[in-house]
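Q: 356 is the number that numbering that gives the first Met the number 0 gives to position 357 of the sequence shown; each next residue is one higher, with no gaps.
All C-beta atoms, glycine included, are put in the ideal place defined by N, C-alpha and C.
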Amino acid sequence: MTDPGDQLGAGDAASGGTPPPDADSSTDSGPVDALRVEHLSKTFPGTRALRDVTFGAAPGQIHALLGGNGSGKSTLIKILAGVQHADPGGTIAVRYHRIAAERTTPEEARDLGLRFVHQNPAVFPALTVSENLAIGNGFETGPMGTIKWRAMRHRTQALLDRFEIPAQPSTLVRSLRPAEQAMVAIARALQDQEGEQSGVLVLDEPTASLPAAEVDHLLSALRRYAEAGQTILFVSHRLDEVVGFADQATVLRDGQVAGTLAGDEITENRLIELIAGRALDRLFPDMPEVVSDEHVIEVSHLSGGPLRDVSFGLRRGEVLGIAGLLGSGRSELLKMLFGAYGHKGGTISLEGKPVRFRDIGDAMDAGIAYVPEDRGTEASFPAMSVSDNLSAAIIPNYWKGLRLRDRRARADARSAIDQFFIKASSEQQRMATLSGGNQQKVIIARWLRREPKVLLLDEPTQGVDVNARAEIYALVRNAVAEGCSVLVVTSDFEELSHVCDRVIVLAGGTVTAELRPPDIEPARLTELAYRTKEVAS
Ligand SMILES: Nc1ncnc2c1ncn2[C@@H]1O[C@H](COP(=O)(O)OP(=O)(O)OP(=O)(O)O)[C@@H](O)[C@H]1O
Ligand SMILES: [Mg+2]
Numbered sequence: 000m001t002d003p004g005d006q007l008g009a010g011d012a013a014s015g016g017t018p019p020p021d022a023d024s025s026t027d028s029g030p031v032d033a034l035r036v037e038h039l040s041k042t043f044p045g046t047r048a049l050r051d052v053t054f055g056a057a058p059g060q061i062h063a064l065l066g067g068n069g070s071g072k073s074t075l076i077k078i079l080a081g082v083q084h085a086d087p088g089g090t091i092a093v094r095y096h097r098i099a100a101e102r103t104t105p106e107e108a109r110d111l112g113l114r115f116v117h118q119n120p121a122v123f124p125a126l127t128v129s130e131n132l133a134i135g136n137g138f139e140t141g142p143m144g145t146i147k148w149r150a151m152r153h154r155t156q157a158l159l160d161r162f163e164i165p166a167q168p169s170t171l172v173r174s175l176r177p178a179e180q181a182m183v184a185i186a187r188a189l190q191d192q193e194g195e196q197s198g199v200l201v202l203d204e205p206t207a208s209l210p211a212a213e214v215d216h217l218l219s220a221l222r223r224y225a226e227a228g229q230t231i232l233f234v235s236h237r238l239d240e241v242v243g244f245a246d247q248a249t250v251l252r253d254g255q256v257a258g259t260l261a262g263d264e265i266t267e268n269r270l271i272e273l274i275a276g277r278a279l280d281r282l283f284p285d286m287p288e289v290v291s292d293e294h295v296i297e298v299s300h301l302s303g304g305p306l307r308d309v310s311f312g313l314r315r316g317e318v319l320g321i322a323g324l325l326g327s328g329r330s331e332l333l334k335m336l337f338g339a340y341g342h343k344g345g346t347i348s349l350e351g352k353p354v355r356f357r358d359i360g361d362a363m364d365a366g367i368a369y370v371p372e373d374r375g376t377e378a379s380f381p382a383m384s385v386s387d388n389l390s391a392a393i394i395p396n397y398w399k400g401l402r403l404r405d406r407r408a409r410a411d412a413r414s415a416i417d418q419f420f421i422k423a424s425s426e427q428q429r430m431a432t433l434s435g436g437n438q439q440k441v442i443i444a445r446w447l448r449r450e451p452k453v454l455l456l457d458e459p460t461q462g463v464d465v466n467a468r469a470e471i472y473a474l475v476r477n478a479v480a481e482g483c484s485v486l487v488v489t490s491d492f493e494e495l496s497h498v499c500d501r502v503i504v505l506a507g508g509t510v511t512a513e514l515r516p517p518d519i520e521p522a523r524l525t526e527l528a529y530r531t532k533e534v535a536s
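#1: Does the Cβ of W446 have 16 or more other Cβ atoms within 10 Å, making it buried, or fewer, making it exposed?
#2: Can you tell which of N68, L324 and L34 has the C-alpha that lies nearest to the C-alpha of A92?
#3: Pull up the distance between the alpha-carbon of V116 and that of T74, whole angstroms please.
#4: Between T489 and S496, what straight-line distance do the alpha-carbon atoms span, to the nearest angstrom?
#5: Report whether the distance from the Cβ of F43 to the nearest heavy atom of ligand 1 is below 7 angstroms.
#6: Any idea what DSSP makes of T104, helix, strand or coil?
#7: For K440, count the other beta carbons within 10 Å of its own beta carbon; 16 or more makes it buried, fewer makes it exposed. Which is it?
#8: Can you name, in chain order, every residue of its own chain whose Cβ lies under 7 angstroms from the Cβ of H294, other than the five neighbours on each side?
#9: Please classify R329: is it buried, with 16 or more other beta-carbons within 10 angstroms of its beta-carbon, or exposed?
#10: Where G233 and D203 are concerned, what is the direct C-alpha to C-alpha distance, given to the nearest angstrom?
#11: Going along the chain, which residues of its own chain have a beta-carbon closer than 7 angstroms to the beta-carbon of T266, five neighbours each way excluded?
#12: Does any CB atom of chain B fall closer than 8 angstroms to the CB of E204?
#13: So, are the CB atoms of I274 and V250 less than 8 angstroms apart?
#14: With a Cβ-Cβ cutoff of 8 angstroms, do A248 and L260 count as a contact?
#15: Is it buried or exposed, Q438, if we count other Cβ atoms within 10 angstroms and call 16 or more buried?
#16: May I ask you to check if the CB of N68 is nearer than 7 angstroms to at least one heavy atom of ligand 1?
#17: If you drop the 5 nearest sequence neighbours on each side, which residues of the same chain put their C-beta closer than 7 angstroms to that of E520?
#18: Would you mind stating whether S291 and G320 have Cβ atoms separated by less than 8 angstroms?
#19: Compute the distance between the beta-carbons of E426 and A412, then report whether it is under 8 angstroms.
#20: Taking the alpha helix (DSSP H) that K334 falls in, what are its first and last residues?
#21: In this structure, does DSSP put Y472 in helix, strand or coil?
#22: Under 8 angstroms Cβ to Cβ from E331, same chain only, skipping five residues before and after it: list those, please.
#23: How big is the Cα-Cα spacing for R482 and K452?
#24: Mind checking whether the beta-carbon of G338 lies closer than 7 angstroms to any heavy atom of ligand 2?
#25: Output needed for T525: all residues of its chain with C-beta closer than 8 angstroms, excluding positions within five of it in sequence on either side, in chain order.
#26: Nearer than 7 angstroms: is that true of the beta carbon of S73 relative to any heavy atom of ligand 2?
#27: Closer than 8 angstroms by C-beta to L301: which residues in its own chain qualify, once you throw out the five before and the five after it? Chain order, please.
#28: If we require 4 or more residues per run, which alpha helix (DSSP H) segments fall completely within the region 291 to 366?
#29: Please confirm whether any heavy atom of ligand 1 lies closer than 7 angstroms to the CB of S208.
#30: Is S235 near ligand 2, judged by its Cβ being under 7 angstroms from some heavy atom?
#31: Any idea if N268 is buried or exposed, counting beta-carbon neighbours within 10 angstroms, 16 or more meaning buried?
#32: Is any heavy atom in ligand 1 found nearer than 7 angstroms to the beta carbon of S434?
#33: With distance defined between alpha-carbon atoms, name the residue in F380, R530 and P459 nearest to R429.
#34: Roughly how many angstroms separate the alpha carbons of V510 and G323, rounded to a whole number?
#35: Can you tell me which of F162, P205, S197 and A125 puts its alpha carbon nearest to the alpha carbon of A186?
#36: My output table needs one value for I443: the three-state DSSP class, helix, strand or coil.
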């Protein structure tokens, strides 16, 4: 049997069989790509995650990698990073250096000039900028094994200047703006390039958890790095940030390249068509007016943690949005309502009666459901099957008729998989091996199927593709039509403006404004979220 990887030959791995880059980077066939993958395929048991993927990015280009949940984006990045191996036959080339993708190691990827920023938390918020950078590069030590702090501060300052990050080496990372924290992660990944900026930087969903203004800040930084010669490949689900920013966009669908667009061809409609395989008429559902005045939840003068004196009501059948920046107390507020975070003062009433949940079991019994932001660690059971994960919150429903339980749970799981467009090889697939967005859909599906009175959603569509995003909101709307009330926190203010009956702004731990249509408008929400003083609305 011949090894298909042999076609490259071991010695070729370093030279790629192409001319060495003596003169300049152009040949007869035009400039060589900074990054090029060819015939990349990847088979998992039961899934072909990538099929014969070929695309390239020119030096200094910003190249977006898009595709629905489970289309193969993260798999592709893991292969580039050498942490997963492709099926035989595929190659990865950086300029003139080409390697076989079936046996790449992280060291080889590094030697090629590939650098990675994985999804957050990419930095250690409680450490200084200097310490964060040292973690990527090792601490420089003197002859006695002592850390050379002066040298480190010096080096850090040079990096901060180079990446235009407005901070001191001794600044705690958590005190930086979220976009600047991401820039520290980028500086850390690129710090050993030593002035030469011709490498390839790969980022998996760098903007997923950033609010709009932070996204702009980070994107302009990426643009500067690209202008300095860095080639950038980044994954995103936010089409609005890809349009007008990426030089080229490659869209994956079911593991295949559905198309590559360049420049002005990159429009939201074209991207949606390529991602979904068809045009989507509408992303957001119609919004019926809320008629009920009855408050399901009444919060008054609530304080504790970052929150102080928070008061508002949630009406039956209402979708109430909370606009707030990271650290505004938005996530703590949802946790308090779910009995997962104690409050010091104030009261919470449910259907007119004051409640004090001792734990989340109490809150669940009272009909409250909660989808946390950090769905990886807080809400899922990675080692269990999709089916078990779907039923985790409704297990009592299966207790009756014990013998039927398993069969019914599986049949239910199959219907939920269809209903929520969950891409899984079967309901028995292990949760940990689903793509990021599909894990999120499983958790949201689990709670929606419980038919709660009150649904608390923290960043429900982060990392979820356009198709599923529309679907999730349609399902939320259905739940609302049946009397469920929803409190939703999202950094995507555009989304808030489309799905909420009303939005309250949380800034500095307190409610500073309240908006109703037609005033719920992304630019207005951004402006308010940054202002910590109360404003008349
Ligand atoms: N270790 C694994 N075992 C089995 N299947 C896997 C494994 N890792 C990934 N897959 C499958 O490969 C497919 C592609 O997953 P991948 O994580 O690359 O998707 P993605 O495009 O990054 O999606 P998302 O936008 O949701 O993050 C999915 O169907 C996923 O279930
Ligand atoms: Mg992914």
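A: So, from the listed chains and residues:
#1: Translated into positions along the sequence shown, residue 446 becomes position 447. Buried: at least 16 other Cβ atoms inside 10 Å.
#2: Stepping through the sequence shown from its first residue, residue 92 is reached at position 93. Nearest C-alpha to A92: L34.
#3: Stepping through the sequence shown from its first residue, residue 116 is reached at position 117. Stepping through the sequence shown from its first residue, residue 74 is reached at position 75. Taking the straight line joining both Cα atoms gives about 15 angstroms.
#4: Mapped onto the sequence shown, residue 489 falls at position 490. Mapped onto the sequence shown, residue 496 falls at position 497. Their Cα atoms are separated by approximately 11 angstroms.
#5: Residue numbering aside, residue 43 sits at position 44 when the sequence shown is read from its first letter. F43 has its CB nearer than 7 angstroms to a heavy atom of ligand 1.
#6: Indexing the sequence shown from 1 puts residue 104 at position 105. The answer is coil: DSSP assigns T104 none of H, G, I, E or B.
#7: Taking the sequence shown and counting its residues from 1, one reaches residue 440 at position 441. So K440 ends up on the buried side.
#8: Your numbering for residue 294 matches position 295 in the sequence shown. Excluding positions up to five away in sequence, the list reads G312, L313 and R314.
#9: The sequence position of residue 329 within the sequence shown is 330, counting from 1. Of the residues assessed, R329 falls on the buried side of the cut-off, its CB having 16 or more other CB atoms within 10 angstroms.
#10: By 1-based counting over the sequence shown, the position of residue 233 is 234. By 1-based counting over the sequence shown, the position of residue 203 is 204. The sequence given here places Phe at residue 233; Gly does not occur at that position. Distance between the alpha carbons of F233 and D203 is about 6 angstroms.
#11: Indexing the sequence shown from 1 puts residue 266 at position 267. These residues qualify, in order along the chain: V242.
#12: Among the chains in the structure shown there is no chain B, since it carries only a single protein chain.
#13: Locating residue 274 in the sequence shown gives position 275, where the first residue counts as 1. Locating residue 250 in the sequence shown gives position 251, where the first residue counts as 1. Cβ atoms of I274 and V250: closer than 8 angstroms.
#14: In the sequence shown, residue 248 corresponds to position 249, counting from 1. In the sequence shown, residue 260 corresponds to position 261, counting from 1. In contact: A248 and L260 (Cβ atoms closer than 8 angstroms).
#15: Translated into the one-based positions of the sequence shown, residue 438 becomes position 439. Buried, because 16 or more other Cβ atoms sit within 10 Å of the Cβ of Q438.
#16: One-based indexing of the sequence shown puts residue 68 at position 69. It does: the Cβ of N68 is within 7 angstroms (strictly closer) of some heavy atom of ligand 1.
#17: Residue mapping note: residue 520 aligns to position 521 of the sequence shown, counting from 1. So the list reads S496, once near-sequence residues are dropped.
#18: For the purposes of this step, residue 291 is identified with residue 292 of the sequence shown, where counting begins at 1. For the purposes of this step, residue 320 is identified with residue 321 of the sequence shown, where counting begins at 1. It is not a contact, given that the beta carbons lie outside the stated cut-off.
#19: The count along the sequence shown starts at 1 and reaches residue 426 at position 427. The count along the sequence shown starts at 1 and reaches residue 412 at position 413. For E426 and A412, yes; Cβs fall inside 8 angstroms.
#20: What you label residue 334 is simply residue 335 of the sequence shown in a count that begins at 1. Counting along the chain, the alpha helix (DSSP H) containing K334 begins and ends at R329 to L336.
#21: Counting from 1 along the sequence shown, the entry for residue 472 is found at position 473. Residue state, collapsed to three classes: helix.
#22: For the purposes of this step, residue 331 is taken as residue 332 along the sequence shown, with counting starting at 1. Excluding positions up to five away in sequence, the list reads G303, G304, P305, L306 and Y340.
#23: As a position in the sequence shown, residue 482 is number 483, starting the count at 1. As a position in the sequence shown, residue 452 is number 453, starting the count at 1. For the record, residue 482 in the displayed sequence is Gly; it is not Arg. Cα to Cα, the separation comes out at about 7 angstroms.
#24: Sequence index remark: in the sequence shown, residue 338 carries index 339 (1-based). No, the beta carbon of G338 sits no closer than 7 angstroms to any heavy atom of ligand 2.
#25: One-based indexing of the sequence shown puts residue 525 at position 526. Same-chain partners within the cutoff: P210, A211, A212 and F492.
#26: Along the sequence shown, read from residue 1 onward, the residue named residue 73 stands at position 74. Yes, the beta carbon of S73 sits closer than 7 angstroms to at least one heavy atom of ligand 2.
#27: Along the sequence shown, read from residue 1 onward, the residue named residue 301 stands at position 302. Hits under 8 angstroms: D308, V309, S310, L332, M335, H342, G344, G345, T346 and I347.
#28: 329 to 336 and 359 to 364
#29: Position 209 of the sequence shown, counted from the start, is the residue given in the question as residue 208. Not so, every heavy atom of ligand 1 lies at least 7 angstroms from the Cβ.
#30: Working through the sequence shown from its first residue, we reach residue 235 at position 236. Not under cutoff, so the answer is no.
#31: To locate residue 268, count along the sequence shown from 1; it is residue 269. Answer is exposed; the Cβ neighbour count stays below 16.
#32: If you number the sequence shown from 1, residue 434 lands on position 435. S434: yes, Cβ under 7 angstroms from ligand 1.
#33: What you label residue 429 is simply residue 430 of the sequence shown in a count that begins at 1. Comparing Cα-Cα distances from R429 to each of F380, R530 and P459, the minimum goes to F380.
#34: Working through the sequence shown from its first residue, we reach residue 510 at position 511. Working through the sequence shown from its first residue, we reach residue 323 at position 324. For V510 and G323, the distance between alpha carbons rounds to 9 angstroms.
#35: Counting from one through the sequence shown, the residue named residue 186 turns up at place 187. Of the candidates F162, P205, S197 and A125, the one whose C-alpha sits nearest the C-alpha of A186 is F162.
#36: Along the sequence shown, one-based indexing puts residue 443 at 444. If DSSP states are grouped into helix, strand and coil, I443 belongs with the helices.
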